[in-house]
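>
Protein chains: 2
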Amino acid sequence: MSGLSIGQVAERTGLSVHTLRFYEREGLLAQPVRRGTAGHRVYNEGDVDWLGVCIRLRASGMPLTDIRRYTELVRAGQGNEAERLEVLRGHQERVLAQMHELNECLKLITHKVAIYEGRLGLRDNVPDCAP
Amino acid sequence: MSGLSIGQVAERTGLSVHTLRFYEREGLLAQPVRRGTAGHRVYNEGDVDWLGVCIRLRASGMPLTDIRRYTELVRAGQGNEAERLEVLRGHQERVLAQMHELNECLKLITHKVAIYEGRLGLRDNVPDCAP
DNA sequence: GTAGAAGCTAGAGCCGACTCTAGGTCAAAC
DNA sequence: GTTTGACCTAGAGTCGGCTCTAGCTTCTAC
Numbered sequence: 565m566s567g568l569s570i571g572q573v574a575e576r577t578g579l580s581v582h583t584l585r586f587y588e589r590e591g592l593l594a595q596p597v598r599r600g601t602a603g604h605r606v607y608n609e610g611d612v613d614w615l616g617v618c619i620r621l622r623a624s625g626m627p628l629t630d631i632r633r634y635t636e637l638v639r640a641g642q643g644n645e646a647e648r649l650e651v652l653r654g655h656q657e658r659v660l661a662q663m664h665e666l667n668e669c670l671k672l673i674t675h676k677v678a679i680y681e682g683r684l685g686l687r688d689n690v691p692d693c694a695p
Numbered sequence: 565m566s567g568l569s570i571g572q573v574a575e576r577t578g579l580s581v582h583t584l585r586f587y588e589r590e591g592l593l594a595q596p597v598r599r600g601t602a603g604h605r606v607y608n609e610g611d612v613d614w615l616g617v618c619i620r621l622r623a624s625g626m627p628l629t630d631i632r633r634y635t636e637l638v639r640a641g642q643g644n645e646a647e648r649l650e651v652l653r654g655h656q657e658r659v660l661a662q663m664h665e666l667n668e669c670l671k672l673i674t675h676k677v678a679i680y681e682g683r684l685g686l687r688d689n690v691p692d693c694a695p
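Below you can see the structure in the form of structure tokens.
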């Protein structure tokens with residue numbers, strides 16, 4: 565079963581059809597997309613799932629080259645688990661670092677927000693001390 | 565006291581001298597940088613502090629245009645606290661959303677890492693079920 | 001049979017955020 | 001007195017990640 569057009573996949577994933585074709589050119593798909601009549605792409609559920617993974621990885625700041633590398637390892641099949649692990653662990657560390665950075669930023673913003681709320685009388689007892 | 569060359573500020577902030585000049589052109593500095601002999605920039609501690617804020621905001625994904633907008637409000641002086649608050653709250657929400665997204669990604673990665681560790685015999689009792 | 005929607009390819013264009021180059025000034029060290 | 005190093009400006013170049021265009025095919029509905 566299944567057999568989705570690029571338009572349907574765009575709708576499901578939230579990516580544009582342009583981006584879907586672009587991602588394919590960039591080698592982000594685990595398998596080459598099948599083609600139907602007139603050369604139209606035919607996606608299956610597995611493709612959509614894989615795209616979901618790619619979207620998550622992108623959203624967390626993994627560059628396309630790294631996603632491609634990981635995809636290639638998956639495509640190559642069993643035997644390279646150590647390398648896959650290396651890629652994932654590398655990204656995991658960057659994500660953790662990024663979360664830490666975001667936390668610091670959030671502290672700063674929350675601090676400033678409290679100050680402005682104080683100045684605007686939206687809060688009580690907030691000392692006024694910063695720009 | 566204070567009076568730092570662009571090179572010293574670069575060293576302190578971790579930004580390149582190119583980027584410091586670029587940020588200035590883009591209007592990210594709360595005050596115009598003073599100039600010393602031969603037109604060389606002379607930064608003070610306040611400039612460095614402000615740059616620190618900008619760096620945090622950038623690191624958390626705030627676009628330069630938004631940082632410029634906020635900088636302009638600060639530069640304009642008191643009376644626009646409501647607008648500053650709006651900018652900060654908007655970014656605060658985006659940061660929170662991003663942290664949520666990173667968390668989801670981290671779950672995914674951690675799950676996959678566990679699987680590969682299992683396959684590689686680095687862990688016990690991990691079911692093998694995903695690519 | 002023709003109009004419209006959806007798809008195709010190859011390649012150009014765009015945007016944000018830097019990053020670098022060319023050509024010049026100036027002060028201090030040798 | 002010249003070389004070295006840090007700075008200056010204006011403007012060009014780069015890179016990642018899309019996004020769009022042109023020109024074509026193919027299917028479906030009227």
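In order, the protein sequences belong to chains L and D.
So the first sequence is numbered by the numbering used here: it starts at 565 and just counts up by one.
So the second sequence is numbered by the numbering used here: it starts at 565 and just counts up by one.
Beta carbons: idealized from backbone N, C-alpha and C, even for Gly.
For clarity, every value in this text was computed on a predicted model and none was experimentally measured.
In three-state DSSP terms, what is Leu-568/L?
Strand, per DSSP.
> Which residues mark the beginning and the end of the alpha helix (DSSP H) in which Asn-667/D is found?
645-683 is the span of the alpha helix (DSSP H), which, as asked, contains Asn-667/D.
> Taking the alpha helix (DSSP H) that Tyr-607/D falls in, what are its first and last residues?
Segment: none, Tyr-607/D is in no alpha helix (DSSP H) and carries neither H nor E.
> By Cβ distance, which residues of its chain are closer than 8 Å to Gly-610/L, with the 5 residues on each side in sequence left out?
Ala-594, Gln-595.
> Does the beta carbon of Cys-669/D sit closer than 9 Å to a beta carbon anywhere in chain L?
At least one chain L Cβ lies under 9 Å of Cys-669/D.
> So the candidates are Cys-618/D, Ala-623/D, Arg-605/D; which of them puts its Cα closest to the Cα of Val-638/D?
Of the candidates Cys-618/D, Ala-623/D, Arg-605/D, the one whose C-alpha sits nearest the C-alpha of Val-638/D is Cys-618/D.
> Measure the alpha-carbon distance for Leu-660/L versus Glu-665/D and round it to whole angstroms.
Rounded to the nearest angstrom, the two C-alpha atoms are 12 Å apart.
> Taking contact to mean 3 or more Cβ pairs, one atom from each stretch, closer than 8 Å, check whether the stretch 634-648 of chain L and the stretch 598-613 of chain L are in contact.
Result no; under three Cβ-Cβ pairs closer than 8 Å.
> Below 8 Å between beta carbons is the criterion; list the residues of the stretch 616-644 of chain D that meet it against any residue of chain L, in chain order.
Listed by position along the chain: Val-617, Arg-620, Leu-621, Ala-623, Ser-624, Val-638.
> Let's see if you can read the secondary structure: which residues bound the alpha helix (DSSP H) around Thr-601/L?
Thr-601/L -> no alpha helix (DSSP H), and no H or E assigned at all.
> Please state whether the Cβ-Cβ distance between Val-677/D and Gln-656/L is less than 9 Å.
Going by C-beta atoms, Val-677/D is nearer than 9 Å to Gln-656/L.
> Check this for me: beta carbons of Leu-615/L and Leu-652/L, under 9 Å apart or not?
In this structure, Leu-652/L does not lie closer than 9 Å to Leu-615/L by Cβ.
> To the nearest angstrom, how far is it from the Cα of Arg-658/D to the Cα of Gly-591/L?
The straight-line gap from Cα to Cα measures roughly 30 Å.
> Using a Cβ-Cβ cut-off of less than 9 Å, list which residues of the stretch 569-598 of chain L approach chain D; keep chain order.
For the stretch 569-598 of chain L, which is checked against every Cβ of chain D, the residues closer than 9 Å are Ala-594.
> Taking the alpha helix (DSSP H) that Ala-640/D belongs to, which residues open and close that run?
Note, Ala-640/D: alpha helix (DSSP H), 628-640.
> Just to confirm, are His-604/L and Ile-570/L a CB contact at a threshold of 9 Å?
Contact: yes.
> If I measure Cβ to Cβ from Leu-568/L and keep anything under 6 Å in the same chain, skipping five residues before and after, which residues do I get?
Only Tyr-607 meet the Cβ criterion.
> Please classify Ser-624/L as buried or exposed, where buried requires at least 16 neighbouring CB atoms within 10 angstroms.
By the 10 Å Cβ count, Ser-624/L comes out buried.
> Which class does Gly-616/L belong to by DSSP, given the choice of helix, strand or coil?
Helix.
> Given a cut-off of 9 Å on the beta-carbon distance, is the pair Leu-621/L and Cys-669/D in contact?
Going by C-beta atoms, Leu-621/L is nearer than 9 Å to Cys-669/D.
> Between the stretch 643-660 of chain D and chain L, which residues of the former have a C-beta closer than 7 Å to a C-beta of the latter?
Answer in chain order: Glu-645, Ala-646, Arg-648, Leu-649, Leu-652, Arg-653, His-655, Gln-656, Val-659.
> Excluding the five sequence neighbours on either side, which residues of its own chain have a C-beta within less than 8 Å of the C-beta of Gln-662/L, listed in chain order?
Contacts found: Ser-624, Gly-625.
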